[in-house]
Amino acid sequence: MAYQVAPDVPDQLVGDPGRLSQIVINLIGNAIKFTESGDVVLSMSLASESEEAVTLACSVADTGIGIPEDKQRLIFDVFSQADSSMSRKYGGTGLGLAICAQLTAMMNGRIWVESEEGRGSTFHFTVEMQKRRDAVEKPVVDAGPLTGLRVLVVDDHPTNRGFLVDMLAEWSMQTTEAGTGVEALAALTGDDGEAFRLVLLDETMPEMEEHGLIREINRCAEGRDLAVILLVSAGQRADTGVGDYAGIACTVSKPVKQSDLLNAIMDTVAGTSVPALEERAGGLSEGVVARRILLAEDGVVNQRVAVLMLESRGHAVTVANNGREAVERFKSGAFDLILMDVQMPEMDGLEATRTIRGLESGSDHIPIVAMTAHAMSGDRERCLEAGMDDYLSKPIQAQLLYAAVEGAQATGRPPAGPESSSFAASPESAPVDWEKAVAQVGGDVAVVAELAGLFLAECPKLETGIREAVDGGNAADLRRHAHTLKGSAGVFKAETVVDAAQRLEKMGRDGDMDNAEAALSALALELDRLKPVLAERVADAKLQDGSGK
Ligand code: ADP
């Protein structure tokens, strides 16, 4: 995956960042879902500009299954999928694009698709944003020490390589491209080879096997002033740390963020770094200091809850899908705080915390806040014992999260009491308490609607996981999947599903699965009640949203 933002796109605009990212996330989610191999590329440019406003043109291109021509208009309708066998294979609700169409229209834009079956799809959309009247000039990066810097860009992926070269050109660096290891070594050993000061090396180069290419590059670097920055794939590096690669100055995660790359280059070559672009450009809630947060969480719904809440306050969030990834991310990035789920696959939050504490030296101490849906006595103690500093129980409440992250009680709408439930007529039988769920994320219906969509998409996978764990008598898997489902359902206050999942989780924890079959049937029953209600709520929210503006 790669992305490119054209240099003339202003840093500061007035609009609704939450909704804009909702569109982008929907399109990228679809692109990844429907693409088995190849790439997903997000581009953003300036379509037009007036005194007061700009129109941004964005596209998300994939190389996936494509969409037949006669279906290309239909997919923007509510609950429609290009093919009815789709939901069986890919899941989904058919709502995402309808929501995108509505949101773009509300932002005076439009959305359309170009696609060829079997070759991929490109979704385009435009949105209008107001200019900031008090706009500060786009911060001029003092890339002074980097002007004319000779950089060798080694990446076999032409799109990525092109993006990198464009970024470097913006900072007036002088680039040479290499698409293969052989080309890279030829450039370094050629007549002009000694002029290079920096190599940007993509980790997924075919010649990287057994780190052969790095060794060769290091050999060229001997006795020269040449540094190597490794571009690593997010989420793919379960057990390789920077430590495995001798001679690497630092790593930057892909897709490469311009400010990360500039910082890394500044650090490496000039020994200084500049504040992240967004820190200077603003975008923060008033009075809030932006934090760089590492979020370790395996449940997709809970990930989104936390990311949406944090980003809406202006914090930068990096997601790790399990404890091992969290440790890797911690090693290669700079963070102010870690939010750590306790139950995660591969390495749980307690072990990850102990590992991170072991890696810290002397006076270093990154605050680690546990997030857990256990709500069992002794839990808090176990977290503190492992080296965590604070503790949040799931489902996460916006106010408490902000308080933990920002170190002060945030202001905002207090969560609504149970009496405000829209299901007051028959509270016992309601599979979901929508209003409470909305209040819990700070009052944004669209956010809960998006989460409901995610839940509906994630659910079949978790159900299959639980089914397989029960069939195979795998207690650990049962515990883990049931736990994730419980946490996700808790976001919607879907108490009956939460209870059913909790029973299964307990069976998994106790290793006593005699009654698992019955508990599983009960869970399936409750889920069958929950799902249509959620889908309906999502559609409702969308309609209300449309008429409300
Ligand atoms: P869903 O939740 O079903 O994915 P969407 O409204 O997001 O709902 O998408 C509707 C349908 O459009 C999908 O089910 C799929 O058939 C088609 N579609 C969306 N994006 C893509 C894509 N990038 N490639 C191929 N088909 C897509």
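Read in the working numbering, the sequence shown has 135 at position 130, and its numbers run on one by one without any break. Virtual Cβ for every residue (Gly too), placed ideally from N, Cα, C. Because the structure is a prediction, the values reported are computed rather than measured.
query: Within its chain, find whatever has a CB closer than 6 Å to the CB of Phe-39; leave out the 5 residues flanking it on each side and keep chain order.; result: Gly-69 and Ile-70
query: Give the list of continuous beta strand (DSSP E) stretches no shorter than 3 residues that lie fully inside the region 144-219.; result: 155-159, 179-183 and 203-207
query: Short check: CB of Leu-235 to CB of Leu-203, under 8 Å?; result: no
query: Along the chain, where does the beta strand (DSSP E) containing Val-374 start, and where does it finish?; result: 373-377
query: Helix, strand or coil for Gln-308? Go by DSSP, reduced to three states.; result: helix
query: For Val-19, collect the residues of the same chain with a Cβ closer than 8 Å to its Cβ; drop the 5 residues on either side in sequence, then sort them by chain order.; result: Met-134, Gln-135, Lys-136 and Arg-137
query: With a Cβ-Cβ cutoff of 8 Å, do His-320 and Ile-343 count as a contact?; result: no
query: Look at the Cβ atom of Cys-105, then the Cβ atom of Ile-37, and state whether they are nearer than 8 Å.; result: no
query: Who are the near neighbours of Thr-209 in its chain, counting only those whose CB is closer than 7 Å to its CB and skipping five residues on each side?; result: Ser-238
query: Kindly confirm or deny that the region 166-176 and the region 221-233 touch, where touching means at least three C-beta pairs closer than 8 Å.; result: no
query: Of all the options Gly-228, Leu-61, Lys-399 and Ile-270, which has the alpha carbon lying nearest to the alpha carbon of Val-132?; result: Leu-61
query: Go to Ala-136, then tell me how far its alpha helix (DSSP H) extends in each direction, as first and last residue.; result: Note that residue 136 corresponds to Lys in the displayed sequence, not to Ala. Looking at the DSSP string, Lys-136 is not in any alpha helix (DSSP H); the run it does join, the beta strand (DSSP E), is 125-136.
query: For the beta strand (DSSP E) holding Arg-296, just list the boundary residues, first then last.; result: It is not in any beta strand (DSSP E) - Arg-296 carries neither H nor E in the DSSP assignment.
query: Please list the terminal residues of the continuous beta strand (DSSP E) segment that includes Gln-507.; result: Looking at the DSSP string, Gln-507 is not in any beta strand (DSSP E); the run it does join, the alpha helix (DSSP H), is 500-515.
query: Going by beta carbon distance, what residues of the same chain come within less than 6 Å of Ala-281, once the five residues before and after it are set aside?; result: Bear in mind that the predicted position of Ala-281 carries a pLDDT of just 36, short of 50, making it too unreliable to give a figure here.
query: Quick one: give me the first and last residue of the beta strand (DSSP E) that Gln-9 is part of.; result: 7-10
query: Report the three-state DSSP secondary structure of Gly-67 (helix, strand or coil).; result: Before going further, note that residue 67 is Asp rather than Gly in the sequence given. In the structure shown, Asp-67 sits in a strand (DSSP, three-state: E or B).
query: Regarding Gly-101 and the ligand ADP, is the C-beta to nearest heavy atom distance less than 7 Å?; result: yes
query: At a cut-off of 7 Å, would you count Ser-126 as near the ligand ADP, judging by its Cβ distance to the nearest heavy atom?; result: yes
query: What's the C-alpha gap between Val-14 and Glu-212?; result: 36 Å
query: How do the region 492-499 and the region 436-445 stand: do at least 3 beta-carbon pairs fall below 8 Å, yes or no?; result: yes
query: State the beta-bridge partners of Met-352 as determined by DSSP.; result: Answer is none; Met-352 lacks a bridge partner.
query: Quick one, which of Glu-468, Ala-451, Ala-540 and Val-475 has its alpha-carbon nearest Pro-436's?; result: Ala-540
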